[in-house]
Amino acid sequence: MNDSVENIKDLHELQLVVFRLAREEYGLPITRVQEINRLVPITKLPQTPPFMEGIINLRGRIIPVIDLRKRFQLEVTEHTDNTRIIIVEVNGQTIGVIVDAVNEVVRLEQEQIEPPPPSFVLDAQYIHGVGKVDGRLLILLNINAVLSSQEEIELKEFNRE
Numbered sequence: 169m170n171d172s173v174e175n176i177k178d179l180h181e182l183q184l185v186v187f188r189l190a191r192e193e194y195g196l197p198i199t200r201v202q203e204i205n206r207l208v209p210i211t212k213l214p215q216t217p218p219f220m221e222g223i224i225n226l227r228g229r230i231i232p233v234i235d236l237r238k239r240f241q242l243e244v245t246e247h248t249d250n251t252r253i254i255i256v257e258v259n260g261q262t263i264g265v266i267v268d269a270v271n272e273v274v275r276l277e278q279e280q281i282e283p284p285p286p287s288f289v290l291d292a293q294y295i296h297g298v299g300k301v302d303g304r305l306l307i308l309l310n311i312n313a314v315l316s317s318q319e320e321i322e323l324k325e326f327n328r329e
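Printed below as a string of structure tokens:
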């Protein structure tokens, strides 16, 4: 699935993996998620952006891993037993993203999705919208916007079989 704003707006129903980052809940289309893993040892790489945690060996595949707290310039905290690495596809390449916890999978109807408010804390490019589920709000993450074109090119060098 192409994760563009238009496609999310055109869908009647959207299934999301809900994860926590700081005190907020985020939703990521389940079609973008390959798997969810516990935190494993990460090999640090020199001269990479601060949000780039390093690489992991996932069943013989080398996967670059980024920390979404650092990427979004949120307070960095110690990892816990709940910390997870979500393996996702971003613009044709596989990466891991570190999140505080993965909570659940939810279904959202189109009428439960609102555009992001203009004064949203995160840069609006990262956000597709806000979902309303059981009295709480989910930030619908635009995973394709998490990396710039140049960062994607740099990460491709680490993303090998």
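Residue numbering for the sequence shown follows this note's numbering, starting at 169 and increasing by one per position.
Positions of the beta carbon are idealized from the N, C-alpha and C atoms, including for glycine.
Remember, it's a predicted structure, so these values are computed and weren't measured experimentally.
As computed with DSSP, P285 is found in no beta bridge at all. DSSP places T216 in the coil class of the three-state scheme, outside both helix and strand.
Check the Cα spacing between A190 and each of I281, K238 and I263: the tightest is with K238. Distance check between P217 and each of R200, Q241, Q280 and Q202 places Q241 closest, using alpha-carbon atoms only.
Judged by beta-carbon spacing, V201 lies within the 9 Å limit of V185, meaning their Cβ atoms are closer than that value. By the neighbour-count criterion, in which a residue is buried when 16 or more other Cβ atoms sit within 10 angstroms of its Cβ, R275 is exposed. Per the DSSP secondary-structure output, K238 pairs with nothing in a beta bridge. Contact annotation: L213 and I223 have beta-carbon atoms nearer than 9 Å. At the C-beta level, G195 and I266 stay beyond 9 Å of one another. In the structure shown, the three-state DSSP call for I210 is coil. Of E192, D302, I255 and P284, the smallest CA-CA separation from E243 is found for E192.
In the structure shown, the three-state DSSP call for R252 is strand.
Taking C-alpha positions only, L315 is separated from Y294 by approximately 10 Å.
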